[in-house]
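Let me begin by presenting the structure, written as structure tokens, before commenting on it.
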Amino acid sequence: MSLVEKNSFIRLVSSQPYVAQLQIKKSGTRPSFHNKWPQTSTGFPELDKALGGGIPIGSLWVLLEDEPTHLYQSILNVFMAQGLAHKHTLALASADEQPSQVIMNLPKRRNFVVTEKSKMDSNTSSLKIAWRYAQQPNRDQVQETSTESLLSGQAYSHSFDLTEQEDPKQLEKALVSTFGDTCYTYDALLNHMKEHILHSEERGFMSRLVIRSFASHFWQEASYQQLVQFLLYLRHIIRKSVEGCVGIISVSKFSLEQFPFLKAALFHLGDIVLDVDSCQGRGTMELGLGNFHAVANIYKYPRIGGFHLFRPPCSTFVLKRKRRSIEWQVAYSSPEEENENVRSFETGKTLQQHHVDF
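The numbering used here puts the first residue of the sequence shown at -4, with every later residue one more than the last.
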């Protein structure tokens, strides 16, 4: 094979028909404004906007867990509920809690009604675009927290009520598989994920894979090399899925302390890395960020589909757990803390810097 054939740019061009097929046929996907690669929603419009529109298809998302508040569980549940709303198949692996019980407690989708005013505003804005550009996605449409899809008119990001559970009849209609009731080995887990993707592809559905508390003591005892090998194979099967697939794994801080080199492997193999920190349940007051339950830092942004110039609107959020939802806000230091020495984040950015600077 020649060097030209090995070039990643050539492979990207050859994959364009596959990308176009996902954009047109797959529910809950839309093209990235930056490189046209298909994306799907996390379930949180604010996070979608920070990631450049959503999670690129074929990516692996690493979520660092908060303790003892466990906001990460609500993030995982909304991610799964968003997939079911788009008719994506779902594979959940959980050893700390029965996966079947987790599925039964997924939040219920709220009804969203498009008003006549919003329809008129949409029609008016479309008239301002030249006819030959009418089929091209608009930057504002992609980056704003709109719930309308660019291609099919279907909802891209829904709203969910954390106090209500999804209708069991709706769950019965969905293609959901669980792992962790009786078996806790990584080899069996990987085979389960493979079979789930193949079964989804046979039916023509996109897949969402979720693994809770990866590398914790609930799972089979494994070495660092075995954990890294598992991550490599998991990312491989997600990448090569014909119908499209995205995956998310949550990892506790204790597991990172137990395996000192695991954090570097997760940051390298993960396409997106999001750290949720509640400061041991004390909240964000000591960070000078106001009265919130946790802070969320995006340490790594997706680059699937080729490199592109993307300046994230923000990399740090503060989270407030409300009764029915989780509120995401861009992190700003409190006025009384602006001139004081406050703790900086692991990224090396101080609290007075709110944007990533390339």
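A virtual CB, placed ideally from N, CA and C, is assigned to each residue, including glycine. These numbers come from a predicted model, not from an experiment.
Counting of Cβ neighbours within 10 angstroms places MET75 among the buried residues, the total reaching 16 or more. In the structure shown, ARG25 adopts extended strand secondary structure according to DSSP, grouped into three states. Taking a contact to require three or more Cβ pairs closer than 8 Å, the stretch 94 to 106 and the stretch 186 to 197 do not qualify as touching. Nearest Cα to LEU269 within the set PHE200, LYS315, VAL246: VAL246.
Here the alpha carbons of PRO26 and ALA183 stand approximately 34 Å from one another.
Restricting attention to PHE39, GLN275, TYR228, PRO297, the CA atom closest to the CA of ASP156 is found in PHE39. DSSP places LYS317 in the coil class of the three-state scheme, outside both helix and strand.
Here the alpha carbon of MET201 sits roughly 33 Å from the alpha carbon of PHE254. The shortest C-alpha to C-alpha distance from GLY283 to any of PRO297, TRP323, VAL313, ILE50 is the one to VAL313. For GLN34 against GLY53, the beta-carbon gap comes to about 10 Å, at or over 8 Å, which does not count as contact.
Assigned with DSSP and collapsed to three states, ARG230 falls in helix. Between HIS65 and SER218, the alpha-carbon positions lie close to 26 Å from each other. Nearest C-alpha to THR177 among GLN93, VAL325, SER69, LEU42: GLN93. According to the DSSP assignment, LYS103 belongs to the beta strand (DSSP E) that extends over 102 to 104. Remark: fewer than three beta-carbon pairs, one from each stretch, lie closer than 8 Å, so the stretch 76 to 92 and the stretch 250 to 265 are not flagged as touching.
A check of alpha carbon separations from HIS288 across GLU322, SER208, SER152, GLY300 identifies GLU322 as the nearest.
An exposed status is given to ASP162, since fewer than 16 other beta-carbon atoms sit within 10 Å of its beta-carbon. Within the same chain, LEU87, PRO94, SER95, ILE98 come within 7 Å of THR173 by CB-CB distance, once the 5 residues on both sides are set aside.
In summary, PHE256 is exposed, with fewer than 16 beta-carbon neighbours lying within 10 Å of its beta-carbon over all protein chains present. A straight line joining the alpha-carbon of VAL325 with that of ASN286 spans about 13 Å. In the same chain as GLY278, and ignoring 5 residues on each side of it, the C-beta atoms closer than 7 Å to its own belong to ASN286, PHE287, HIS288, in chain order. A residue is called buried when at least 16 other Cβ atoms come within 10 angstroms of its Cβ; THR37 meets this threshold and is buried. A direct Cα-Cα distance of roughly 27 Å separates LYS235 from TYR67. Exposed is the label assigned to PRO63, since fewer than 16 other Cβ atoms lie within 10 Å of its Cβ. Relative to the Cα of GLY199, the nearest Cα in the group ASN106, LEU251, ILE232, LYS82 belongs to LYS82.
Residue pairing for PHE155: DSSP places it in a beta bridge opposite ARG104. When rounded, the separation of the alpha-carbon atoms in CYS240 and MET280 is 38 Å. In the structure shown, the three-state DSSP call for ALA45 is helix. Residue pairing from DSSP places GLY242 in a beta bridge opposite LEU55, LEU204.
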